[in-house]
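Number 5 in this note's numbering belongs to position 12 of the first sequence; there are no gaps in the numbering.
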Amino acid sequence: MPRDAAEAVTLQHRLRHRVVSDAPLPAPPRLVAGLDVSYESSSAGGRIAGAVVVLHLPDLSIAESVTSIGTCDFPYVPGLLAFREVPILLSALEKLTVTPDVLVCDGYGIAHPRRFGLACFLGVTTGLPAFGVAKTPFVGTFDEVPDERGAFTPLVHEGETVGRALRTQRGVKPVFVSPGHLIDMDDSTGLALRLALRYRLPETTRRADRLSRDALREALSSA
DNA sequence: GCGACAG
DNA sequence: ATCTTGTCGC
């Protein structure tokens, strides 16, 4: 891992060419993994907890869940989020005894200043299909999304469609979906929708968020 | 040059 | 991400 921002940007530029973001999934996914990270402090130096929850499709029952505790050694810089979260998430992924068919990341894929967001990084690193579902806008612009579940408008950045603003529930703000690696726009959108049957965010993200939060609380209190 | 800026 | 009160709605 890079030690500073300059090295990180260089690494992103070197790896971005390995990204495949226009291919459909090789087969219908059976196991989908949600990943998330919780922080003790907003800045670097504090403890962090990474969590991965694998769900069965289509029933969304839990297949396996793992966590990993560590320290945050990279500051938050827009565009460099992956360098904060990838290490802890990889250590958690190593504990899995099952191999997910796709990773659902908390953040962006190719909808990124250098087309290499967190989902691209995790996908290229693990060799697994990965896409991102973000809660707030980052790069690009989009037209208002019709207030209907499943409706979406393209997220455009520098003339390219890099993702979609997707309404997962009527009456709630849209989420932002973008392919990361070995998956395309349609499969990413379809999966996000299948995972967000009741709430705004995919069930994978919600479960991983809770698990990482619980794991961090536990780590901070016991030791 | 001035803001905006995933989590 | 995280820190937090009250409030609207099913």
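Glycine included, each C-beta is placed from N, C-alpha and C at the ideal position.
Residues of the same chain with a CB within less than 6 Å of the CB of arginine 193, apart from the 5 flanking positions on each side, are Thr161, Gln162 and Val165 in chain order. Excluding sequence positions up to five before and after proline 122, its CB lies within less than 6 Å of the CB of Leu18, Val95, Leu175 and Ile176, all in the same chain and listed in chain order. Here leucine 28 is bridged, per DSSP, to Val45. For glycine 183, the enclosing alpha helix (DSSP H) has its first and last residue at 178 to 188.
When only Cα atoms are considered, alanine 37 and glycine 100 end up about 19 Å apart. Distance from the CA atom of valine 70 to the CA atom of glycine 39, rounded to whole angstroms, is 16 Å. Along the region 103 to 153, the alpha helix (DSSP H) occurs as fully enclosed runs of 4 or more residues at 111 to 119, listed in sequence order. Taken through DSSP and simplified to helix, strand or coil, leucine 159 comes out as strand.
Distance from the Cα of leucine 213 is smallest, within the candidate group Ser61, Gly102, Ala189 and Thr146, for Ser61. Put simply, the backbone Cα of phenylalanine 67 is about 10 Å away from that of proline 80.
Note on leucine 190: under 16 other CB atoms within 10 angstroms of its CB, so exposed under the neighbour-count rule.
Counting only the Cα atoms, proline 130 lies some 12 Å from valine 155.
Judged by beta-carbon spacing, leucine 50 lies beyond the 8 Å limit of proline 93, meaning their Cβ atoms are not closer than that value.
A Cβ-Cβ separation of about 7 Å places leucine 115 in contact with glycine 173 under the 8 Å criterion. Residue pairing by DSSP puts glutamate 57 in a beta bridge opposite Val47.
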